[in-house]
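**Student:** Protein chains in written order, with my numbering: chain A, 32 to 146; chain B, 112 to 225. C-beta: ideal position from N, C-alpha, C; glycine also. Small disclaimer: the values here were computed from a predicted structure and weren't measured.
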């Protein structure tokens with residue numbers, strides 16, 4: 032039962048353009064979502080999050096959009112830079128419940144930004 | 112401020128053996144979670160420890176067990192290793208039980224079971 036899905040295994044974009052990474056979820060109890068970035072041989076690094084009471088959160092070049100009715104979120108990176116090349120994971124959790132901080136991750140999307 | 116450190120970085124074990132993986136939490140963090148990341152998949156929650164007690168568990172059998180020590184460091188023990196246990200094991204620490212989502216992940220231990 033894949034509660035969080037990232038249907039695009041990979042994405043390739045040109046430096047300076049927009050990168051859009053998508054994520055779908057099925058668990059209606061999720062009320063908080065996070066994006067992590069992972070470089071090879073390193074652990075995941077927290078990027079940005081969004082609560083279900085919002086539909087958008089921005090942090091510099093990174094913006095996360097949440098469409099609760101569609102159970103869909105997306106991460107926009109503008110402008111994309113070669114250093115953004117990494118694996119991106121989205122994760123959902125039930126912050127207000129008894130999930131004990133359990134994060135449910137998607138399978139990840141490999142982003143490659145070409146100079 | 113030190114981050115999360117895990118040891119060893121790589122490990123090869125034989126099916127049926129037991130293994131212990133170690134994690135030192137980031138300074139000031141009192142909660143630690145363990146995740147298993149199989150090749151090509153996202154991390155899967157194993158369990159979380161808070162104040163030295165297991166506080167939440169994912170869909171993993173009892174042969175996966177853990178400990179948290181008074182200094183908030185932690186161990187993950189896996190008994191009767193199976194080939195499917197081959198994965199990257201990640202430790203993540205945070206400041207509060209389930210409410211601080213600034214989880215800091217270690218670089219992981221790559222376990223290979225042959």
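(1) Looking at the C-beta of residue 217 of chain B, does it have a partner C-beta in chain A at a distance below 8 Å?
(2) Between the alpha carbons of residue 210 of chain B and residue 125 of chain A, how many angstroms are there, rounded?
(3) Can you pull out the residues from the region 45 to 75 of chain A whose beta carbon lies closer than 9 Å to at least one beta carbon of chain B?
(4) Excluding five sequence neighbours on each side, which residues of the same chain lie with their C-beta closer than 6 Å to the C-beta of residue 58 of chain A?
(5) Am I right that residue 179 of chain B and residue 200 of chain B are in contact with their C-beta atoms under 8 Å? What's the rounded C-beta distance?
(6) With DSSP collapsed to three states, give me the class of residue 150 of chain B.
(7) Output yes or no for whether 8 Å exceeds the beta carbon distance between residue 102 of chain A and residue 83 of chain A.
(8) With DSSP as the reference, identify every bridge partner of residue 55 of chain A, one or two as the case may be.
(9) Under 8 Å, Cβ to Cβ, is there at least one residue of chain B near residue 138 of chain A?
(10) Quick one: is residue 70 of chain A buried, meaning 16 or more other Cβ sit within 10 Å of its Cβ, or exposed?
(11) Under a three-way DSSP split, which group does residue 195 of chain B fall into?
(12) Using a Cβ cut-off of 8 Å, pull out every chain A residue sitting near residue 142 of chain B, in sequence order please.
(13) Is the beta carbon of residue 39 of chain A sitting closer than 8 Å to the one on residue 143 of chain A?
(14) Do residue 176 of chain B and residue 188 of chain B come within 8 Å of each other at the CB atom, strictly closer than that value?
(15) How many angstroms separate the CA atom of residue 50 of chain A from the CA atom of residue 110 of chain A?
(16) Looking only at C-alpha atoms, which of A:48, A:60 and A:46 sits nearest to residue 135 of chain A?
(17) What did DSSP end up calling residue 86 of chain A once you bin it into helix, strand or coil?
(18) Please determine, among A:56, A:78 and A:73, the residue with the shortest C-alpha to C-alpha distance to residue 66 of chain A.
(19) Quick check: is the beta carbon of residue 210 of chain B nearer than 8 Å to any beta carbon in chain A?
(20) Taking Cβ-Cβ distances below 9 Å as the criterion, which residues of the region 147 to 177 of chain B are in contact with chain A?
**Tutor:** With the structure as the only source:
(1) yes
(2) Below a pLDDT of 50, predicted positions are generally treated as unreliable, and residue 210 of chain B, at 49, falls in that range; the measurement from the model is reported next regardless. Cα-Cα distance, rounded: 10 Å.
(3) Going along the region 45 to 75 of chain A in chain order, one finds 63, 65, 67, 69, 72, 73, 74 and 75 with a Cβ nearer than 9 Å to chain B.
(4) 34
(5) Actually they do not touch by this definition, with Cβ atoms about 16 Å apart.
(6) Judged by DSSP in its simplified three-state form, residue 150 of chain B adopts coil rather than helix or strand.
(7) no
(8) A:36 and A:103
(9) yes
(10) exposed
(11) helix
(12) Within chain A, the residues near residue 142 of chain B are 132.
(13) no
(14) yes
(15) 8 Å
(16) The candidate whose alpha carbon is nearest that of residue 135 of chain A is A:60.
(17) coil
(18) A:78
(19) In this prediction, residue 210 of chain B has a pLDDT of 49, which is less than 50 and means its spatial position is unreliable; what the coordinates show is noted afterwards. Yes, residue 210 of chain B lies at the interface with chain A (some Cβ there is under 8 Å from its Cβ).
(20) 148, 151, 152, 153, 154, 155, 156, 158, 159, 161, 166, 167, 168 and 169
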